[in-house]
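Asks: Per my numbering, the very first residue in the sequence shown carries number 222; after that it's consecutive. Even glycine gets a Cβ: it sits at the ideal position worked out from N, Cα and C. These numbers come from a predicted model, not from an experiment. Quick one: the structure is below, questions incoming.
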Amino acid sequence: MTTQMIILNGGSSSGKSGIVRCLQAELPDPWLAFGCDSFVDSMPARMQGSDGGIDVAADGGVSVGADFRALEAAWREGIVAMARAGARIIIDDVFLGGTASRAGWQKALGGLGVLWVGVRCESSVAAGREVARGDRVRGMAALQADAVHEGISYDLEVDTTHTESLACARTIAARVI
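Take a look at the structure:
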């Protein structure tokens with residue numbers, strides 16, 4: 222089956238966005254990239270810190286409500302519609318709901334060719350990146366580093382703890398080409 226989508230799952234500051242940029246440069250055909258950060262940023266401001274939306278606690282814990290989940294499902298369906306229309310898509314996601322998050326994608330995908338990629342990074346390294354970024358609540362990276370992978374199986378896993386984004390992207394691209 223031809224790969225129409227690449228879905229990367231990893232915790233905050235694990236290196237997914239860097240891998241996505243490198244993948245777009247390495248893959249011979251054009252691939253569109255979409256990430257959960259841009260999805261969250263596209264939501265109305267009133268959904269930030271609300272029960273129905275998304276809330277980031279002082280310790281970096283993230284909780285989402287019913288309105289968030291409904292919009293997330295619609296976002297997934299829209300992304301998949303683009304893939305069905307012929308676009309190749311790379312997704313940068315954080316499976317906060319673990320296996321339920323993957324199941325949400327699987328429901329929307331309905332038979333599309335997908336390469337599932339786990340992006341791992343030691344929590345201490347991700348936490349250091351988080352501090353350097355300056356745009357995340359401290360503690361988020363450490364809380365998510367392992368939790369987002371619990372119960373998830375992948376076609377391929379990469380680890381950015383000591384491996385650069387380009388090397389990880391080349392490993393992924395070799396599975397697509």
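Between Leu336 and Thr224, which are expected to be in contact by the criterion C-beta below 8 Å, what is the C-beta distance as a whole number of angstroms?
Replies: 5 Å
Asks: Would you report the Cα separation of Met361 and Ala348, rounded to the nearest angstrom?
Replies: 8 Å
Asks: Span of the beta strand (DSSP E) holding Gly339?
Replies: Val335 to Arg341
Asks: In whole angstroms, give me the CA-to-CA distance for Ala368 and Ala279.
Replies: 18 Å
Asks: Considering Ala294, what are the terminal residues of the alpha helix (DSSP H) in which it resides?
Replies: Taken as a continuous stretch (DSSP letters only), the alpha helix (DSSP H) holding Ala294 covers Ala287 to Arg305.
Asks: DSSP three-state label for Ile312, please.
Replies: strand
Asks: Under the DSSP definition of a beta bridge, which residues are partnered with Ile227?
Replies: Ile311 and Leu336
Asks: Quick one: which unbroken alpha helix (DSSP H) runs of 4-plus residues sit fully inside the stretch 246-280? Chain order, please.
Replies: Those alpha helix (DSSP H) runs which fall completely within the stretch 246-280 and span 4+ residues are 257-263.
Asks: Looking at the secondary structure, which residues open and close the beta strand (DSSP E) in which Leu387 lies?
Replies: Where Leu387 is concerned, there is no enclosing beta strand (DSSP E), although the alpha helix (DSSP H) it sits in stretches over Ser386 to Val397.
Asks: What does the Cβ neighbour count give for His370, buried or exposed, with the cut at 16 atoms within 10 Å?
Replies: buried
Asks: Between Val352 and Gly307, what straight-line distance do the alpha-carbon atoms span, to the nearest angstrom?
Replies: 39 Å
Asks: Between which two residues does the beta strand (DSSP E) harbouring Glu378 extend?
Replies: Leu377 to Asp380
Asks: Quick check on Val283: does DSSP put it in helix, strand or coil?
Replies: DSSP, read as helix, strand or coil, puts Val283 in strand.
Asks: Whose C-beta lies closer than 8 Å to the C-beta of Glu247 among residues of the same chain, with five residues either side of it excluded?
Replies: Leu387, Ala390, Arg391 and Ala394.
Asks: CA-CA distance, Gln403 and Ser238?
Replies: Given that the chain is displayed from residue 222 to residue 398, the structure contains no residue 403 and the question cannot be resolved.
Asks: Among the candidates Gly355, Ser374, Ile228 and Asp380, whose CA atom is the shortest distance from the CA of Ala366?
Replies: Asp380
Asks: How far does the alpha helix (DSSP H) with Val346 in it reach, from first residue to last?
Replies: Ser344 to Arg354
Asks: Helix, strand or coil: how does DSSP classify Ile240 here?
Replies: Ile240: helix per DSSP, three-state reduction.
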